Amino acid sequence: MRAIQPTKLLAFLAMILVAAGCATAKRRAAMQPSVPNVGGGAGLPHQMVEVDRNGNRFTNQPTRVEAVDAHSRLIIEFPKRAEIAPAPLSQDWKDLQGVIEMLNQRAAAYRALNERKVDPRDPQAVKQLQKDASDAAANAVSLLDDLEKVGVSGDKLTAVLSGRALGLTNQARQPYLNLAVWATNNWDQLRKQAEAHQKLVESTSKVTVTVQALRESLSGGPSLLHIDDWDTRPEGAFSPIDRTGLRPTDAEQKRLDMERSAAESVAQLINSVQTNQDGFRAAFQTKLAELKAEAGRIQLQFEDLAKNWRSELLPTVLTNLDSLAASTTPGVSDAALSIKTNLLAIGGIVQMITNDVAAAEGLVNLLANPQNVNPLDLLLGNNGVTTTAEKLATDAQTIVQQIQTLPQRIQSIATSLQALAPEVRERVTQMLSDEFKNTLTEFSQKFPADAQSLATIWGIVQSSIGSAAAGEVLAAADTKLIPHTIDNLVPAALDLKKSGLALGDLVTMKLRATNAITGELVESDSYQNEIGFMGLHGKPAIHLIFARSLSGPHTATEWKANVAAAVEWHYTIRRPEDSFGKTWNWLYPGAGIHLASLDQGSDSFELGAGGNVSLWDGLLTGGVGYNFSIKREYVWVGVNLLNLLNTAKSQFITK
Amino acid sequence: MAESVPPLTTQDIEDDLQNPTFAVYLYVGSEDDPGWENAEIAFGLIPRLRIFLIQDITAIAKWVGNKRPAGVVFGWDDTVFQMLNKSEAADLKTVIKAIQAAMAT
Numbered sequence: 001m002r003a004i005q006p007t008k009l010l011a012f013l014a015m016i017l018v019a020a021g022c023a024t025a026k027r028r029a030a031m032q033p034s035v036p037n038v039g040g041g042a043g044l045p046h047q048m049v050e051v052d053r054n055g056n057r058f059t060n061q062p063t064r065v066e067a068v069d070a071h072s073r074l075i076i077e078f079p080k081r082a083e084i085a086p087a088p089l090s091q092d093w094k095d096l097q098g099v100i101e102m103l104n105q106r107a108a109a110y111r112a113l114n115e116r117k118v119d120p121r122d123p124q125a126v127k128q129l130q131k132d133a134s135d136a137a138a139n140a141v142s143l144l145d146d147l148e149k150v151g152v153s154g155d156k157l158t159a160v161l162s163g164r165a166l167g168l169t170n171q172a173r174q175p176y177l178n179l180a181v182w183a184t185n186n187w188d189q190l191r192k193q194a195e196a197h198q199k200l201v202e203s204t205s206k207v208t209v210t211v212q213a214l215r216e217s218l219s220g221g222p223s224l225l226h227i228d229d230w231d232t233r234p235e236g237a238f239s240p241i242d243r244t245g246l247r248p249t250d251a252e253q254k255r256l257d258m259e260r261s262a263a264e265s266v267a268q269l270i271n272s273v274q275t276n277q278d279g280f281r282a283a284f285q286t287k288l289a290e291l292k293a294e295a296g297r298i299q300l301q302f303e304d305l306a307k308n309w310r311s312e313l314l315p316t317v318l319t320n321l322d323s324l325a326a327s328t329t330p331g332v333s334d335a336a337l338s339i340k341t342n343l344l345a346i347g348g349i350v351q352m353i354t355n356d357v358a359a360a361e362g363l364v365n366l367l368a369n370p371q372n373v374n375p376l377d378l379l380l381g382n383n384g385v386t387t388t389a390e391k392l393a394t395d396a397q398t399i400v401q402q403i404q405t406l407p408q409r410i411q412s413i414a415t416s417l418q419a420l421a422p423e424v425r426e427r428v429t430q431m432l433s434d435e436f437k438n439t440l441t442e443f444s445q446k447f448p449a450d451a452q453s454l455a456t457i458w459g460i461v462q463s464s465i466g467s468a469a470a471g472e473v474l475a476a477a478d479t480k481l482i483p484h485t486i487d488n489l490v491p492a493a494l495d496l497k498k499s500g501l502a503l504g505d506l507v508t509m510k511l512r513a514t515n516a517i518t519g520e521l522v523e524s525d526s527y528q529n530e531i532g533f534m535g536l537h538g539k540p541a542i543h544l545i546f547a548r549s550l551s552g553p554h555t556a557t558e559w560k561a562n563v564a565a566a567v568e569w570h571y572t573i574r575r576p577e578d579s580f581g582k583t584w585n586w587l588y589p590g591a592g593i594h595l596a597s598l599d600q601g602s603d604s605f606e607l608g609a610g611g612n613v614s615l616w617d618g619l620l621t622g623g624v625g626y627n628f629s630i631k632r633e634y635v636w637v638g639v640n641l642l643n644l645l646n647t648a649k650s651q652f653i654t655k
Numbered sequence: 656m657a658e659s660v661p662p663l664t665t666q667d668i669e670d671d672l673q674n675p676t677f678a679v680y681l682y683v684g685s686e687d688d689p690g691w692e693n694a695e696i697a698f699g700l701i702p703r704l705r706i707f708l709i710q711d712i713t714a715i716a717k718w719v720g721n722k723r724p725a726g727v728v729f730g731w732d733d734t735v736f737q738m739l740n741k742s743e744a745a746d747l748k749t750v751i752k753a754i755q756a757a758m759a760t
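Chains as they are written, first to last, in the numbering used here: chain A, 1 to 655; chain B, 656 to 760.
What follows is the structure in structure tokens.
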């Protein structure tokens, strides 16, 4: 095996750490505490909880990858049906006569209770009066609820009940009478609203809910997992991952095989890059050319938009708007504030686009002559493809989301401008020139497709094919789902011990609720969970290592790429609250033992063994040991390049 | 206005608070406020409720201390059940629900 210069090795390690550090920190950050939250918002109320082997419950968020214990159950829970569907309208709202009768009864009960004579010293009579009055108050709340359902709420509600809607004043203390008169005058409108609400109630009862669980694994690709009562897939075998890390399950064995294969591949990759750079570059050529072309297209669009935005006018306009915001003239202050908010938002998006002109240009330049750059620098250098393209692809997605709001903002500015003086209108109109608006419209139409294209190409380069494949697996699996209606929801529980998982797997539980009548997607939430262990646990791993003997001839003391099999013990604090716990989980330190295949002497097979430590889930490792073949001590450092090197293995390596 | 404090006094409020057959809602502000209109509507919808328009907040310092609520809800005794801020007191549904909850306890 060819030797590597120590300085190059250190530079290589630094680059890897820069590239992989963010991802690892994000993954470890998933073990930070999260704020309990019921997902679903205005859609289908539900929550996802992890129930550990001691019965402790932890609420998970749809917005982040949560670290969960491999021996837990993941459960999506739903509240009672009554809380999911809107309550039907009271029968009183079927016809006007019913409404008038109901209001008369309420008013009569109100009068009777107010006139009831009760001796305050008679506790039984007082208690009965309190109960009756409390019931009447509950009826008042329910009346307001019904009115809301027929479209009478907010200011309109007070206007109707106070009599103002009828042109009456000083009539607020007769709300039942006011409402009866108003309902009589507006019965057609009320009836339409009542029917619309009834339809909503009926269609909501036709919502169907499905839950799917997907496992994504570096070692096995995507696969669907069984959830009791929610799909017809066969139940998985009981195969809990061993907490000591010494008895791997089948899935764990696959992960280790994968790590070994990746570690061997990278050792080979490094040698390939060093000895066969031309072949390595050729393998990159096509994909990088596509990436360059897309970055070029995006650069041109960014430049077009940025040059039509007159940012130099912004400070003056903002000063004008600030002074108008203090105005006491009705409507002016609100209009000025609204325009200011929207202008700042538009300015922020254009600024991001302006900043990304340089990123796009940098990527184009970087890829202009890839053959003149060291492949490892090109990929992993400080301003290499990984850093630049990742930033550009991420920003592009953000820009796509933000530009959706721009037409509404421009419309809102146009409306608010009517309230302002002509000279301010003129200045704002200069900023939002027709040229800028036209460019923006064109940009809004074209850019999402280009951003998607960039993300796709970058996804391929990053070996994100796994995610796309996962989507296909989910899409193709609908036939085995058991849909539930919302009056028949049961908890969707996934037992991780029966799911054939390996540490580091990503398990996604996906909830979808669809209105069968309207076709509307009521809810779509995905909960991502990374499989790990909480508390003390062992974890087997295969590491790519760079080892050298501490003594001996030149061939023994050179750093060389090798592979080591290790078992490391870690301790994870679940959802830590103090900074020590958070830092500990972030570092995820481990200590253990290893066996290494070495290349320090003349034997065809050399074996070493010793102790090792690791940080960031094995991202950075080091160890000392004894080479049994040459009978000398050795040291090693290593990095877990699993993701990057799997990419290398599948996409780039040329043999 | 018969329920305004002043001219009514702290003692008048206290008398009603001591009466277990009435719940009480105090609104702090002026007669033209939407919050007072809400208090009047609540009075018209819910029986056995007394409402007071408090124009001098020191008159109710005994119950609210140095706080500055816009609405003060009592149940069947003289214990403050809930205080409402200005925007809460200006929302009819919030006011009615608070009074209903106070009466149910």
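Just so it is clear, CB atoms sit at the ideal spot from N, CA and C, and this is done for glycine as well. Owing to the predicted nature of the structure, the values given are computational and were not obtained by experimental measurement.
Cβ atoms of E520 of chain A and G504 of chain A stay farther apart than 8 Å, at about 37 Å. Bounds of the alpha helix (DSSP H) holding V364 of chain A are V332 to A368. Buried is the label assigned to K340 of chain A, since at least 16 other Cβ atoms lie within 10 Å of its Cβ. In this structure, the alpha-carbon of A194 of chain A lies about 8 Å from that of G151 of chain A. Listed along chain A, no residue sits closer than 7 Å to G720 of chain B by beta-carbon distance, the nearest being about 27 Å off. Just measuring C-alpha positions, the residue of B:G699, B:T734, B:Y682 and B:N693 sitting nearest E669 of chain B is B:T734. With a threshold of 16 other beta carbon atoms within 10 Å, G348 of chain A falls short and is exposed.
When secondary structure is reduced to three states using DSSP, H554 of chain A falls in the helix class. The straight-line gap separating the alpha-carbon atoms of Q402 of chain A and N365 of chain A is approximately 27 Å. In the assembly as shown, Y110 of chain A is a buried residue. Its beta-carbon has 16 or more other beta-carbons within 10 Å.
With 16 or more other Cβ atoms inside 10 Å of its own Cβ, D495 of chain A counts as buried. Less than 8 Å separates the beta-carbon of G625 of chain A from that of G610 of chain A. Boundaries of the beta strand (DSSP E) around T210 of chain A: V207 to E216. Apart from the 5 residues on each side of it in sequence, V68 of chain A sits with its Cβ closer than 6 Å to the Cβ of E50 and N529 in its chain, given in chain order. Residues of the region 72-105 of chain A with a Cβ closer than 8 Å to any Cβ of chain B: none. In the three-state reduction of the DSSP assignment, T485 of chain A falls in the strand class, which pools E and B. Taking C-beta atoms under 8 Å as the contact rule, L454 of chain A and E294 of chain A qualify, at a distance of about 5 Å. In the three-state DSSP reduction, K631 of chain A falls in the coil class, being neither helix nor strand.
Pairing A133 of chain A with D122 of chain A, the inter-Cα distance amounts to about 16 Å. Spanning the alpha carbons of A137 of chain A and A678 of chain B requires a straight line of approximately 11 Å. For A678 of chain B, the enclosing beta strand (DSSP E) starts and ends at A678 to V683. With respect to the 8 Å criterion, A716 of chain B and T664 of chain B are not classified as neighbours on the basis of their beta carbons. Taking a Cβ-Cβ cut-off of 7 Å, T665 of chain B has no neighbours in chain A, whose nearest Cβ is about 21 Å from it. One thing to note: P540 of chain A has its Cβ no nearer than 8 Å to the Cβ of E77 of chain A. Residue state for E294 of chain A is assigned as helix, using DSSP reduced to three classes. Residue range K560 to T572 is occupied by the beta strand (DSSP E) that includes W569 of chain A, with no alpha helix (DSSP H) assigned at that position.
In its chain, beyond the 5 residues on either side, R106 have a beta carbon closer than 7 Å to the beta carbon of N139 of chain A. The closest CA to that of L313 of chain A, considering only A:T63, A:L344 and A:G236, is found on A:L344. Ranking B:N721, B:N693 and B:V660 by CA distance to the CA of K741 of chain B puts B:N693 first. Only those residues of the region 738-760 of chain B whose C-beta falls short of 7 Å from the nearest C-beta of chain A are listed: L747, K748, I751, K752, I754, Q755, M758 and A759. Against chain B, a Cβ distance below 7 Å from V118 of chain A picks out T676. Taking the beta carbon of P175 of chain A as reference, the chain B residues within 8 Å of it are I696, G699 and L700, listed in sequence order. For T59 of chain A, no alpha helix (DSSP H) run applies; the uninterrupted beta strand (DSSP E) run containing it begins and ends at R57 to N60, by DSSP. Runs of the beta strand (DSSP E) lying entirely within the region 499-547 of chain A, each at least 3 residues long, are 506-515 and 521-532 in chain order. Per the C-alpha coordinates, the member of A:W230, A:L501 and A:N612 positioned closest to A237 of chain A is A:L501. At a cut-off of 4 residues, the continuous stretches assigned as alpha helix (DSSP H) that sit fully inside the region 136-171 of chain A are 154-162.
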